[in-house]
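Below is one structure, written out as structure tokens, with a few remarks after it.
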Amino acid sequence: MDLLLLQINPIAFHLGPIPVRWYGLLIVSGIILAYVVGQREAVKRGLPEDFLADLLLWAVPISIICARIYYVSMRWDYYSENPGKIIEIWNGGIAIHGALIGAFITAYIFTRKKNISFLRVADIAAPSILIGQIIGRWGNFMNQEAYGGPVSKEFLENLMLPDWIINQMYIEELGTYVHPTFLYESVWNFIGLLILLFLRKVNLNRGEIFFSYLIWYSIGRFYIEGLRTDSLYLVGDLRSAQVVSIIGVIVGLGAIIYRRLTVKPAVKYLDNK
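Okay, so the sequence shown: first residue is 1 according to the UniProt record's numbering, each after it adds one.
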């Protein structure tokens with residue numbers, strides 16, 4: 001059987017003339033599952049029942065807009081010559097770091113207006129953010145994008161991957177198999193999710209689950225980004241995602257150390273106040 005017949009169609013189905021892509025379905029699924037998990041913890045931790053839903057109504061669209069702005073700004077040489085394509089988000093081109101920045105800013109403003117601690121909410125939401133990222137990366141798999149450099153089929157087989165993943169990692173335009181960097185990041189984030197769920201039980205100081213998320217995700221993204229072939233660059237060979245990842249680690253570690261030294265008495269994660 002021809003290899004291409006074994007690859008997955010990025011379009012799941014059609015609603016009349018409108019194609020519905022797996023990418024969109026997975027992103028929406030990730031948001032829904034992240035909300036369900038986060039809502040359960042939010043209510044348990046004493047937040048108003050409608051708080052998280054109200055926050056998402058703002059955070060989701062703003063995150064998408066910021067993800068697009070981030071991507072366009074990193075490829076401004078192209079979009080400045082093709083301004084009509086800036087709004088064509090359906091053709092791809094969003095960046096997770098832009099989405100995260102948009103979500104964090106939105107959450108900070110929203111929590112300030114509601115007179116609720118941002119770090120309290122961030123700690124609760126951190127595992128849910130990873131859930132969304134875990135599922136969302138499989139949208140890249142369906143689209144055959146965000147992959148790494150060339151590898152042999154034997155390399156992928158040695159990773160004990162099923163055929164349906166190996167076949168999807170064959171890029172026809174390149175005529176070769178590639179690193180499944182989507183999978184590396186998804187697995188890294190899944191391990192991070194387990195760590196954050198464990199840290200909840202440890203009852204760390206407020207903010208430290210969120211800062212642990214920043215550190216964990218940033219470390220993994222830094223190394224995985226080095227394998228990718230579609231990176232956004234600041235200048236020369238300086239990959240923007242790696243720079244942001246370094247900043248994420250510094251901010252996370254710095255905030256934990258600073259707050260440990262200065263915030264006395266420390267409010268704990270399980271303190272519902």
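Positions of the beta carbon are idealized from the N, C-alpha and C atoms, including for glycine.
Inset, instruction - Quick one: measure Cβ to Cβ for residue 136 and residue 25, integer angstroms, because I've assumed they're closer than 8 Å. - result: Rounded, the Cβ-Cβ distance is 11 Å, inconsistent with contact.
Legend entry - Option in 262, 215, 183 with minimal Cα separation from residue 224: Closest in alpha carbon position to residue 224, among 262, 215, 183, is 183.
Legend entry - Local Cβ density within 10 Å of residue 121, reported as buried at 16 or more and exposed below that: Looking at its Cβ environment, which holds 16 or more other Cβ atoms inside 10 Å, residue 121 is buried.
Legend entry - residue 10 vs residue 160 beta-carbon contact at 7 Å: Against a cut-off of 7 Å, the Cβ pair of residue 160 and residue 10 comes out as no contact.
Inset, instruction - Go through its chain and collect everything with a Cβ distance to residue 251's Cβ below 7 Å, but skip five positions before and after it. - result: Cβ within range, chain order: 214.
Legend entry - Unbroken alpha helix (DSSP H) run spanning residue 183, endpoints: Segment 181-202, the alpha helix (DSSP H) holding residue 183.
Legend entry - Local conformation of residue 176 per DSSP, three classes: In the three-state reduction of the DSSP assignment, residue 176 falls in the strand class.
Inset, instruction - State buried or exposed for residue 198, treating a residue as buried only when at least 16 other CB atoms are found within 10 Å of its CB. - result: Counting of Cβ neighbours within 10 angstroms places residue 198 among the exposed residues, the total staying below 16.
Legend entry - Spatial neighbours of residue 204 in its chain, beta-carbon cut-off 6 Å, leaving aside the 5 residues before and after: Taken in chain order, the residues that qualify are 269.
Inset, instruction - Could you name the residues of the same chain whose beta carbon sits closer than 8 Å to that of residue 156, not counting the 5 residues immediately before and after it, in chain order? - result: Correct list, in chain order: 165, 166, 169, 177, 180.
Inset, instruction - Note down, in chain order, each residue of its chain lying with its Cβ closer than 6 Å to the Cβ of residue 200, except the 5 sequence neighbours on either side. - result: When the five nearest sequence neighbours on each side are left out, no beta carbon in the same chain lies closer than 6 Å to the beta carbon of residue 200.
Legend entry - First through last residue of the beta strand (DSSP E) which encompasses residue 15: Element bounds for residue 15: 11-15.
Legend entry - Check whether residue 222 and residue 245 have beta carbons under 7 Å apart: Their beta carbons are under 7 Å apart, which means residue 222 touches residue 245 by this criterion.
Legend entry - Sequence-distant residues of its chain with Cβ nearer than 7 Å to residue 103 (five each side left out): Correct list, in chain order: 59, 63.
Legend entry - Same chain only: Cβ atoms within 8 Å of residue 131, ignoring 5 sequence neighbours per side: Hits under 8 Å: 30, 33, 34, 37, 193.
Legend entry - Residue ranges of each beta strand (DSSP E) within the region 66-114, 3 or longer: As summarised for the region 66-114, there are no continuous beta strand (DSSP E) elements at least 3 residues long confined to that stretch.
Legend entry - Environment of residue 271 [buried if 16+ CB atoms lie within 10 Å]: Burial check for residue 271: the Cβ neighbour count within 10 Å stays below 16, so the residue is exposed.
Inset, instruction - Going by DSSP, name the residue or residues bridged to residue 205. - result: BP columns for residue 205 point to 268.
Inset, instruction - Just grab the DSSP bridge partners of residue 239 for me. - result: In the DSSP output, where bridge partners are listed per residue, residue 239 has 233.
Inset, instruction - Examine chain B for any beta-carbon lying closer than 7 Å to the beta-carbon of residue 53, and answer yes or no. - result: The chain labelled as chain B is not found in the depicted structure, where only one protein chain is given.
Inset, instruction - Using alpha carbons as the reference points, say which of 240, 153, 115 lies closest to residue 48. - result: For residue 48, the nearest C-alpha among the options comes from 115.
Legend entry - Nearest-angstrom Cα separation, counted from residue 261 out to residue 133: Rounded to the nearest angstrom, the two C-alpha atoms are 32 Å apart.
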